[in-house]
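Student: Under UniProt numbering, the first residue of the sequence shown carries the number 1, and numbering increases by one thereafter. Have a look at this one before I ask anything.
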Amino acid sequence: MAFWHKSKNFLYGYAMLTGTIIGVGIFSLPFITVRIGFPIVLAYFLLLGAVVAVIHIFWGEVQTKTKGHHRLSGMAKIYLGNSWSKLALISNIGGLFGAIVAYLVVGSEFLYTLLDHYLGGGQASYAIIYCFLGAMLVWLGAKAIARLEVAGIFALILVLILILVKAIGHLDFNNLAISADNGRNLFLPYGAVLFSLWGASALPEVRDILGRNKKQLRLVIVCSIISAVAVYFVFIALVVGLTGAKTTESALSGLNEIFGAEMGALLLMLGIITTFTSHVSLSLALKRVLIYDVKMAGLTAWFLAAILPVGFYFVGLNDFIKIISFVGAIMLAVDGIVIILMYNKAVPSKKRPAKIIATVLIMALLAGIVYEIIRIL
(Lines of atoms letter the chains of each structure in order from A and count residues from 1; the text may use other names and numbers.)
(Lines give C-alpha, C1' and ligand atoms only; values in the text may rest on other atoms or scores of the structure.)
Protein backbone atom coordinates (compact mmCIF):
# COMPACT_ATOMS: atom_id res chain seq x y z
CA MET A 1 0.00 0.00 0.00
CA ALA A 2 2.82 2.40 0.86
CA PHE A 3 4.46 1.75 -2.52
CA TRP A 4 1.18 2.33 -4.34
CA HIS A 5 0.58 5.55 -2.40
CA LYS A 6 4.06 6.86 -3.28
CA SER A 7 3.67 5.82 -6.92
CA LYS A 8 0.25 7.48 -7.17
CA ASN A 9 1.56 10.68 -5.62
CA PHE A 10 4.56 10.63 -7.95
CA LEU A 11 2.29 10.32 -10.99
CA TYR A 12 0.02 13.13 -9.78
CA GLY A 13 2.99 15.40 -9.13
CA TYR A 14 4.60 14.47 -12.45
CA ALA A 15 1.37 15.16 -14.37
CA MET A 16 0.87 18.52 -12.67
CA LEU A 17 4.42 19.77 -13.28
CA THR A 18 4.65 18.42 -16.84
CA GLY A 19 1.27 19.94 -17.68
CA THR A 20 2.44 23.30 -16.34
CA ILE A 21 5.71 23.23 -18.29
CA ILE A 22 4.21 22.27 -21.66
CA GLY A 23 2.25 25.31 -22.77
CA VAL A 24 2.02 27.96 -25.47
CA GLY A 25 5.80 28.00 -25.85
CA ILE A 26 5.58 24.78 -27.85
CA PHE A 27 4.03 26.63 -30.78
CA SER A 28 7.02 29.00 -31.10
CA LEU A 29 9.69 26.31 -31.32
CA PRO A 30 9.31 25.10 -34.95
CA PHE A 31 9.56 28.68 -36.29
CA ILE A 32 12.61 29.42 -34.14
CA THR A 33 14.20 26.16 -35.30
CA VAL A 34 13.75 27.14 -38.95
CA ARG A 35 15.24 30.57 -38.29
CA ILE A 36 18.28 29.51 -36.31
CA GLY A 37 18.84 25.82 -37.09
CA PHE A 38 18.11 22.60 -35.20
CA PRO A 39 21.65 22.07 -33.74
CA ILE A 40 21.55 25.45 -32.01
CA VAL A 41 18.05 24.85 -30.64
CA LEU A 42 19.20 21.43 -29.39
CA ALA A 43 22.16 23.04 -27.62
CA TYR A 44 19.86 25.60 -25.97
CA PHE A 45 17.54 22.87 -24.68
CA LEU A 46 20.41 20.81 -23.27
CA LEU A 47 22.01 23.80 -21.54
CA LEU A 48 18.89 25.59 -20.33
CA GLY A 49 17.22 22.29 -19.45
CA ALA A 50 20.04 21.66 -16.96
CA VAL A 51 19.87 25.24 -15.64
CA VAL A 52 16.08 25.14 -15.19
CA ALA A 53 16.25 21.71 -13.53
CA VAL A 54 18.79 22.99 -10.97
CA ILE A 55 16.73 26.12 -10.23
CA HIS A 56 13.55 24.07 -9.84
CA ILE A 57 15.35 21.66 -7.50
CA PHE A 58 16.54 24.67 -5.47
CA TRP A 59 12.93 25.94 -5.30
CA GLY A 60 11.76 22.50 -4.23
CA GLU A 61 14.39 22.43 -1.47
CA VAL A 62 13.20 25.80 -0.17
CA GLN A 63 9.59 24.59 -0.27
CA THR A 64 10.34 21.43 1.71
CA LYS A 65 12.33 23.31 4.37
CA THR A 66 9.72 26.01 5.00
CA LYS A 67 6.58 25.54 7.07
CA GLY A 68 3.27 26.73 5.72
CA HIS A 69 2.12 27.50 2.19
CA HIS A 70 3.90 30.33 0.39
CA ARG A 71 4.17 31.49 -3.22
CA LEU A 72 7.37 33.09 -4.52
CA SER A 73 6.65 36.56 -3.17
CA GLY A 74 5.70 35.30 0.30
CA MET A 75 8.73 33.03 0.46
CA ALA A 76 11.02 35.87 -0.64
CA LYS A 77 9.68 38.00 2.22
CA ILE A 78 10.64 35.28 4.72
CA TYR A 79 14.20 34.78 3.48
CA LEU A 80 15.17 38.00 1.67
CA GLY A 81 12.98 40.79 3.06
CA ASN A 82 10.35 43.19 1.73
CA SER A 83 12.31 44.60 -1.22
CA TRP A 84 12.95 41.20 -2.77
CA SER A 85 9.37 40.21 -2.02
CA LYS A 86 8.08 43.20 -3.99
CA LEU A 87 10.46 42.43 -6.86
CA ALA A 88 9.24 38.82 -6.93
CA LEU A 89 5.63 40.01 -6.93
CA ILE A 90 6.29 42.40 -9.84
CA SER A 91 8.04 39.71 -11.88
CA ASN A 92 5.23 37.27 -11.10
CA ILE A 93 2.52 39.69 -12.22
CA GLY A 94 4.52 40.75 -15.28
CA GLY A 95 5.17 37.14 -16.24
CA LEU A 96 1.49 36.23 -15.91
CA PHE A 97 0.40 39.23 -17.98
CA GLY A 98 2.93 38.35 -20.68
CA ALA A 99 1.90 34.70 -20.80
CA ILE A 100 -1.81 35.62 -20.96
CA VAL A 101 -1.18 38.00 -23.88
CA ALA A 102 0.91 35.31 -25.62
CA TYR A 103 -1.98 32.84 -25.37
CA LEU A 104 -4.34 35.55 -26.62
CA VAL A 105 -2.14 36.25 -29.66
CA VAL A 106 -1.80 32.59 -30.67
CA GLY A 107 -5.37 31.58 -29.79
CA SER A 108 -6.90 34.48 -31.71
CA GLU A 109 -4.67 33.66 -34.69
CA PHE A 110 -5.96 30.08 -34.67
CA LEU A 111 -9.54 31.37 -34.37
CA TYR A 112 -9.00 33.84 -37.21
CA THR A 113 -7.43 31.21 -39.49
CA LEU A 114 -10.32 28.85 -38.77
CA LEU A 115 -13.24 31.27 -39.22
CA ASP A 116 -12.02 34.04 -41.52
CA HIS A 117 -13.12 32.16 -44.65
CA TYR A 118 -16.68 31.93 -43.29
CA LEU A 119 -17.15 35.10 -41.23
CA GLY A 120 -14.49 37.52 -42.43
CA GLY A 121 -13.09 40.23 -40.18
CA GLY A 122 -9.53 40.90 -39.06
CA GLN A 123 -7.58 39.02 -36.42
CA ALA A 124 -8.21 41.86 -33.96
CA SER A 125 -11.94 41.05 -34.01
CA TYR A 126 -11.21 37.46 -33.07
CA ALA A 127 -8.88 38.62 -30.30
CA ILE A 128 -11.83 40.50 -28.77
CA ILE A 129 -14.08 37.42 -29.04
CA TYR A 130 -11.39 35.17 -27.56
CA CYS A 131 -10.77 37.58 -24.67
CA PHE A 132 -14.50 38.08 -23.99
CA LEU A 133 -15.17 34.34 -23.76
CA GLY A 134 -12.19 33.91 -21.44
CA ALA A 135 -13.33 36.80 -19.25
CA MET A 136 -16.74 35.16 -18.81
CA LEU A 137 -15.15 31.95 -17.55
CA VAL A 138 -12.78 33.80 -15.21
CA TRP A 139 -15.82 35.59 -13.80
CA LEU A 140 -17.52 32.23 -13.18
CA GLY A 141 -14.48 30.99 -11.25
CA ALA A 142 -12.28 27.96 -10.73
CA LYS A 143 -14.92 25.23 -11.05
CA ALA A 144 -15.89 26.33 -14.55
CA ILE A 145 -12.24 26.48 -15.59
CA ALA A 146 -11.26 23.18 -13.99
CA ARG A 147 -13.62 21.32 -16.31
CA LEU A 148 -11.69 22.69 -19.28
CA GLU A 149 -8.24 21.71 -18.02
CA VAL A 150 -8.60 18.04 -18.90
CA ALA A 151 -9.95 18.99 -22.33
CA GLY A 152 -6.91 21.17 -22.93
CA ILE A 153 -4.49 18.36 -22.10
CA PHE A 154 -6.30 15.87 -24.33
CA ALA A 155 -6.49 18.43 -27.14
CA LEU A 156 -2.72 18.89 -27.14
CA ILE A 157 -2.19 15.12 -27.15
CA LEU A 158 -4.61 14.80 -30.09
CA VAL A 159 -2.77 17.54 -31.98
CA LEU A 160 0.48 15.58 -31.70
CA ILE A 161 -1.16 12.26 -32.63
CA LEU A 162 -3.01 13.69 -35.65
CA ILE A 163 0.10 15.41 -36.97
CA LEU A 164 2.11 12.23 -36.47
CA VAL A 165 -0.44 10.01 -38.26
CA LYS A 166 -0.96 12.44 -41.13
CA ALA A 167 2.75 13.17 -41.44
CA ILE A 168 3.75 9.61 -42.27
CA GLY A 169 5.10 9.61 -45.81
CA HIS A 170 5.29 13.41 -46.01
CA LEU A 171 8.10 14.16 -43.57
CA ASP A 172 11.37 15.54 -44.89
CA PHE A 173 13.90 15.59 -42.08
CA ASN A 174 16.31 17.47 -44.33
CA ASN A 175 14.19 20.47 -43.36
CA LEU A 176 15.82 20.32 -39.92
CA ALA A 177 19.02 21.52 -41.60
CA ILE A 178 17.33 24.78 -42.62
CA SER A 179 18.78 27.90 -41.00
CA ALA A 180 17.14 30.95 -42.55
CA ASP A 181 19.28 33.38 -40.55
CA ASN A 182 22.51 31.60 -41.57
CA GLY A 183 23.88 31.56 -38.03
CA ARG A 184 22.94 35.16 -37.25
CA ASN A 185 20.87 36.08 -34.19
CA LEU A 186 22.24 33.21 -32.11
CA PHE A 187 20.39 34.43 -29.01
CA LEU A 188 16.92 34.24 -30.60
CA PRO A 189 15.96 30.96 -28.85
CA TYR A 190 17.07 31.99 -25.34
CA GLY A 191 13.94 33.60 -23.91
CA ALA A 192 11.52 31.31 -25.74
CA VAL A 193 13.30 28.12 -24.64
CA LEU A 194 13.49 29.35 -21.03
CA PHE A 195 9.78 30.17 -21.19
CA SER A 196 9.02 26.71 -22.60
CA LEU A 197 10.88 24.89 -19.82
CA TRP A 198 9.64 26.85 -16.79
CA GLY A 199 7.17 25.32 -14.35
CA ALA A 200 8.22 26.73 -10.98
CA SER A 201 4.74 28.10 -10.27
CA ALA A 202 3.43 24.53 -9.88
CA LEU A 203 6.04 23.35 -7.37
CA PRO A 204 4.17 24.45 -4.21
CA GLU A 205 1.24 22.25 -5.28
CA VAL A 206 3.59 19.41 -6.27
CA ARG A 207 5.17 19.62 -2.82
CA ASP A 208 1.73 19.35 -1.25
CA ILE A 209 1.12 16.16 -3.23
CA LEU A 210 4.49 14.57 -2.41
CA GLY A 211 4.84 15.84 1.15
CA ARG A 212 8.42 16.62 2.14
CA ASN A 213 9.99 13.76 0.18
CA LYS A 214 12.98 15.56 -1.35
CA LYS A 215 14.19 12.64 -3.45
CA GLN A 216 10.78 12.12 -5.03
CA LEU A 217 10.39 15.84 -5.68
CA ARG A 218 13.77 15.95 -7.44
CA LEU A 219 12.81 12.93 -9.53
CA VAL A 220 9.51 14.54 -10.52
CA ILE A 221 11.34 17.71 -11.59
CA VAL A 222 13.92 15.87 -13.69
CA CYS A 223 11.37 13.53 -15.29
CA SER A 224 8.98 16.39 -16.07
CA ILE A 225 11.66 18.50 -17.77
CA ILE A 226 12.97 15.53 -19.78
CA SER A 227 9.41 14.66 -20.84
CA ALA A 228 8.70 18.24 -21.89
CA VAL A 229 11.90 18.39 -23.96
CA ALA A 230 10.99 15.08 -25.63
CA VAL A 231 7.51 16.38 -26.54
CA TYR A 232 9.03 19.59 -27.89
CA PHE A 233 11.51 17.74 -30.09
CA VAL A 234 8.78 15.51 -31.51
CA PHE A 235 6.64 18.58 -32.26
CA ILE A 236 9.58 20.42 -33.85
CA ALA A 237 10.52 17.41 -36.00
CA LEU A 238 6.94 16.90 -37.19
CA VAL A 239 6.11 20.52 -37.99
CA VAL A 240 9.47 21.47 -39.52
CA GLY A 241 9.64 18.13 -41.31
CA LEU A 242 6.31 18.97 -42.96
CA THR A 243 6.40 22.73 -43.56
CA GLY A 244 10.12 23.50 -43.77
CA ALA A 245 10.85 27.11 -44.66
CA LYS A 246 7.09 27.85 -44.72
CA THR A 247 6.77 27.21 -40.97
CA THR A 248 4.72 29.98 -39.33
CA GLU A 249 5.31 31.63 -35.95
CA SER A 250 2.43 29.73 -34.35
CA ALA A 251 3.19 26.40 -36.13
CA LEU A 252 -0.37 25.11 -36.73
CA SER A 253 -1.49 27.90 -39.08
CA GLY A 254 1.04 26.76 -41.68
CA LEU A 255 -0.21 23.16 -41.80
CA ASN A 256 -3.38 23.89 -43.80
CA GLU A 257 -1.54 23.65 -47.12
CA ILE A 258 -0.11 20.26 -46.15
CA PHE A 259 -3.16 18.63 -44.57
CA GLY A 260 -6.00 20.26 -46.48
CA ALA A 261 -8.95 22.27 -45.18
CA GLU A 262 -10.74 19.62 -43.09
CA MET A 263 -7.72 18.28 -41.21
CA GLY A 264 -6.32 21.79 -40.90
CA ALA A 265 -9.59 22.98 -39.35
CA LEU A 266 -9.55 20.11 -36.85
CA LEU A 267 -5.99 20.91 -35.81
CA LEU A 268 -6.88 24.58 -35.41
CA MET A 269 -9.90 23.71 -33.23
CA LEU A 270 -7.71 21.56 -31.02
CA GLY A 271 -5.14 24.36 -30.90
CA ILE A 272 -7.85 26.80 -29.83
CA ILE A 273 -8.95 24.48 -27.01
CA THR A 274 -5.34 24.00 -25.89
CA THR A 275 -4.53 27.72 -25.78
CA PHE A 276 -7.92 28.80 -24.42
CA THR A 277 -7.83 26.51 -21.38
CA SER A 278 -4.39 27.78 -20.40
CA HIS A 279 -5.38 31.38 -21.13
CA VAL A 280 -8.28 31.31 -18.68
CA SER A 281 -6.30 29.34 -16.07
CA LEU A 282 -3.53 31.95 -16.08
CA SER A 283 -6.09 34.76 -16.00
CA LEU A 284 -7.65 33.21 -12.90
CA ALA A 285 -4.20 32.80 -11.33
CA LEU A 286 -3.43 36.48 -11.99
CA LYS A 287 -6.80 37.51 -10.56
CA ARG A 288 -5.97 35.62 -7.35
CA VAL A 289 -2.52 37.21 -7.11
CA LEU A 290 -4.07 40.67 -7.46
CA ILE A 291 -6.72 39.90 -4.83
CA TYR A 292 -4.59 38.12 -2.23
CA ASP A 293 -1.13 39.67 -2.71
CA VAL A 294 -1.95 43.18 -3.98
CA LYS A 295 -5.23 43.38 -1.98
CA MET A 296 -7.35 44.55 -4.92
CA ALA A 297 -11.13 44.39 -5.02
CA GLY A 298 -12.50 41.37 -6.87
CA LEU A 299 -14.07 43.32 -9.75
CA THR A 300 -10.91 45.36 -10.34
CA ALA A 301 -8.75 42.24 -10.25
CA TRP A 302 -11.08 40.50 -12.72
CA PHE A 303 -10.94 43.46 -15.11
CA LEU A 304 -7.14 43.69 -15.02
CA ALA A 305 -6.61 39.94 -15.35
CA ALA A 306 -9.29 39.11 -17.92
CA ILE A 307 -9.93 42.30 -19.94
CA LEU A 308 -6.73 44.38 -19.85
CA PRO A 309 -4.64 41.84 -21.86
CA VAL A 310 -6.66 42.58 -25.01
CA GLY A 311 -5.74 46.24 -24.47
CA PHE A 312 -2.06 45.28 -24.58
CA TYR A 313 -2.82 43.45 -27.82
CA PHE A 314 -4.29 46.58 -29.41
CA VAL A 315 -1.40 48.86 -28.41
CA GLY A 316 0.99 46.62 -30.34
CA LEU A 317 1.98 43.80 -27.99
CA ASN A 318 1.00 41.13 -30.50
CA ASP A 319 4.31 39.63 -31.61
CA PHE A 320 4.17 36.11 -30.18
CA ILE A 321 7.91 35.33 -30.29
CA LYS A 322 8.91 38.70 -28.80
CA ILE A 323 6.38 38.39 -25.97
CA ILE A 324 7.48 34.96 -24.77
CA SER A 325 11.15 35.91 -25.25
CA PHE A 326 10.61 38.94 -23.00
CA VAL A 327 8.77 36.94 -20.35
CA GLY A 328 11.36 34.17 -20.40
CA ALA A 329 14.52 36.27 -20.56
CA ILE A 330 13.46 38.92 -18.01
CA MET A 331 10.51 37.95 -15.81
CA LEU A 332 11.35 34.27 -15.36
CA ALA A 333 15.04 35.09 -15.01
CA VAL A 334 14.20 37.42 -12.11
CA ASP A 335 12.19 34.59 -10.54
CA GLY A 336 15.21 32.32 -10.99
CA ILE A 337 17.58 34.76 -9.31
CA VAL A 338 15.20 35.18 -6.36
CA ILE A 339 14.94 31.39 -6.01
CA ILE A 340 18.74 30.95 -6.02
CA LEU A 341 19.20 33.67 -3.39
CA MET A 342 16.49 32.11 -1.19
CA TYR A 343 18.11 28.70 -1.55
CA ASN A 344 21.41 30.14 -0.32
CA LYS A 345 19.61 31.49 2.74
CA ALA A 346 17.41 28.48 3.46
CA VAL A 347 19.89 25.62 3.01
CA PRO A 348 22.97 25.40 5.27
CA SER A 349 26.23 25.87 3.34
CA LYS A 350 27.45 22.34 4.13
CA LYS A 351 24.36 20.83 2.52
CA ARG A 352 24.33 22.80 -0.71
CA PRO A 353 26.54 22.87 -3.81
CA ALA A 354 29.51 25.22 -3.92
CA LYS A 355 28.64 28.92 -4.08
CA ILE A 356 30.28 29.10 -7.48
CA ILE A 357 27.34 27.20 -9.04
CA ALA A 358 24.83 29.70 -7.68
CA THR A 359 27.04 32.61 -8.74
CA VAL A 360 27.42 31.28 -12.29
CA LEU A 361 23.66 30.74 -12.60
CA ILE A 362 22.88 34.25 -11.36
CA MET A 363 25.45 35.82 -13.71
CA ALA A 364 24.04 33.86 -16.66
CA LEU A 365 20.48 34.95 -15.88
CA LEU A 366 21.59 38.57 -15.42
CA ALA A 367 23.41 38.45 -18.77
CA GLY A 368 20.20 37.23 -20.40
CA ILE A 369 18.22 40.07 -18.80
CA VAL A 370 20.73 42.67 -20.03
CA TYR A 371 20.74 41.20 -23.54
CA GLU A 372 16.95 41.21 -23.77
CA ILE A 373 16.73 44.82 -22.56
CA ILE A 374 19.36 45.91 -25.11
CA ARG A 375 17.52 44.00 -27.86
CA ILE A 376 14.24 45.72 -27.00
CA LEU A 377 15.81 49.18 -26.89
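Even for Gly, the Cβ is constructed at its ideal location relative to N, Cα and C.
Could you check what DSSP says for Leu140 in three-state terms: helix, strand or coil?
Tutor: Reduced to three states, the DSSP call for Leu140 is helix.
Student: So the candidates are Met342, Gly37 and Thr275; which of them puts its Cα closest to the Cα of Phe187?
Tutor: Phe187 has its Cα closest to that of Gly37, out of Met342, Gly37 and Thr275.
Student: For Asp181, I'd like the list of residues in its chain whose CB is within less than 7 angstroms of its CB, leaving aside the five on either flank, ordered along the chain.
Tutor: Cβ neighbours of Asp181 beyond the five flanking positions: Arg35 and Ile36.
Student: Does the stretch 190–199 come close enough to the stretch 9–22 to have 3 or more Cβ pairs within less than 8 angstroms?
Tutor: Contact between the stretch 190–199 and the stretch 9–22 is present, because at least three Cβ pairs lie under 8 angstroms.
Student: Measuring alpha carbon to alpha carbon, tell me which residue in Ile226, Ala297 and Val315 is nearest Ala127.
Tutor: With distances taken between Cα atoms, Ala127 lies closest to Val315.
Student: Roughly how many angstroms lie between the CA atoms of Val206 and Gly121, to the nearest whole one?
Tutor: In a straight line, the C-alpha of Val206 is about 43 angstroms away from that of Gly121.
Student: Under 8 angstroms, do Lys65 and Ala346 count as touching if we go by C-beta distance?
Tutor: Yes; because the gap between Cβ atoms is below 8 angstroms, this pair is in contact.
Student: Taking just the CA atoms, how far does Phe233 sit from Val193?
Tutor: So the alpha carbons of these two residues sit roughly 12 angstroms apart.
Student: With H, G and I counted as helix, E and B as strand and the rest as coil, what does DSSP make of Leu80?
Tutor: Leu80: coil per DSSP, three-state reduction.
Student: Output the boundary residues of the alpha helix (DSSP H) element that contains Met263.
Tutor: That run of the alpha helix (DSSP H) goes Ala261 to Tyr292.
Student: Closer than 7 angstroms: is that where the CB of Leu188 sits relative to any heavy atom of the ligand GDP?
Tutor: Among the ligands in the structure shown, none appear at all, so the ligand GDP cannot be discussed.
Student: With DSSP run on the structure shown, which of helix, strand or coil describes Phe187?
Tutor: Coil, per DSSP.
Student: If you draw a straight line from the alpha carbon of residue 399 to that of Tyr190, how long is it in whole angstroms?
Tutor: Here the chain covers residues 1 to 377 and nothing more, so residue 399 does not appear.
Student: Residues in its own chain within less than 8 angstroms of Val229 by CB, not counting five upstream and five downstream?
Tutor: Answer for Val229: Phe45, Gly49 and Leu197, listed in chain order.
Student: Among the candidates Asn185, Lys67, Gln216 and Gly271, whose CA atom is the shortest distance from the CA of Ser250?
Tutor: Taking only the C-alpha atoms, the option nearest Ser250 is Gly271.
Student: Please go through the stretch 16–95 and give each complete alpha helix (DSSP H) segment of 4 or more residues, from N-terminal end onward.
Tutor: Here the runs fully enclosed are 29–36, 38–65 and 72–79.
Student: Short check: CB of Leu238 to CB of Ile163, under 8 angstroms?
Tutor: It is a contact, given that the beta carbons lie within the stated cut-off.
Student: Please work out which residues of its chain come closer than 6 angstroms, Cβ to Cβ, to Ile337, disregarding the five sequence neighbours upstream and downstream, and give them in chain order.
Tutor: Excluding sequence neighbours, Ile337 sits near Ile362 and Leu365.
Student: Got a sec? Which residues, its chain only, sit under 6 angstroms from Pro30 by beta carbon, not counting five neighbours each side?
Tutor: If we look at Pro30 and ignore the five residues flanking it on each side, its Cβ neighbours are Ile236, Val239, Val240, Thr247 and Ala251.
Student: Report the option in Asn318, Val106 and Ser179 whose CA atom is closest to the CA atom of Phe276.
Tutor: Closest option to Phe276, Cα to Cα, is Val106.
Student: How about Val101 and Pro309: do their beta carbons lie closer than 8 angstroms?
Tutor: Contact flag set, yes.
Student: Since Gly13 and Val289 should fall inside the 8 angstroms C-beta cutoff, what is the C-beta to C-beta distance between them, to a whole number of angstroms?
Tutor: Rounded, the Cβ-Cβ distance is 23 angstroms, inconsistent with contact.
Student: Drop a sphere of 10 angstroms on the beta-carbon of Asp319, count the other beta-carbons inside from all chains shown, and report buried for 16 or more, exposed for fewer.
Tutor: Answer is exposed; the Cβ neighbour count stays below 16.
Student: Give the DSSP-derived three-state secondary structure of residue 379 in the structure shown.
Tutor: The requested residue 379 does not occur in the structure, where the chain is confined to residues 1 to 377.
Student: Am I right that Leu72 and Val280 are in contact with their C-beta atoms under 8 angstroms? What's the rounded C-beta distance?
Tutor: That pair is no contact at about 22 angstroms.
Student: Could you tell me the boundaries of the alpha helix (DSSP H) in which Asn344 lies?
Tutor: Asn344 -> alpha helix (DSSP H) spans Ala333 to Ala346.
Student: Alpha carbon to alpha carbon, how far is Leu242 from Ile90? Give it in angstroms, no decimals.
Tutor: Ile90 and Leu242: Cα-Cα distance of roughly 41 angstroms.
Student: Considering Cα atoms alone, identify which of Asp172, Phe312 and Gly74 is closest to Asp293.
Tutor: Ranking the options by Cα distance to Asp293, first place goes to Gly74.
Student: So with Cβ pairs under 8 angstroms, would you call Lys355 a contact of chain C?
Tutor: Structure shown: chain C not included; a single protein chain is present.
Student: Can you give the Cα-Cα distance for Gly311 and Gly98, rounded to whole angstroms?
Tutor: Whole-angstrom Cα-Cα distance: 12 angstroms.
Student: Tell me the DSSP secondary structure of residue 434 in three-state form.
Tutor: The structure shown has nothing for residue 434, since the chain only spans 1 to 377.
Student: Rounded to whole angstroms, what is the Cα-Cα separation between Leu96 and Asn9?
Tutor: C-alpha separation (whole angstroms): 28 angstroms.
Student: From Phe195, Asn92 and Val24, pick the residue whose C-alpha is nearest to that of Ala285; which is it?
Tutor: Minimum Cα distance to Ala285 is reached at Asn92.
Student: Give me the Cα-Cα distance between Leu80 and Leu332, rounded to the nearest whole angstrom.
Tutor: Approximately 18 angstroms, taken between the alpha carbons.
Student: In terms of residues, what are the limits of the alpha helix (DSSP H) holding Val222?
Tutor: That run of the alpha helix (DSSP H) goes Lys214 to Thr243.
Student: Using a threshold of 8 angstroms, state whether the C-beta atoms of residue 378 and Ser108 are closer than that.
Tutor: Nothing can be reported for residue 378, as the shown portion of the chain is limited to 1 through 377.
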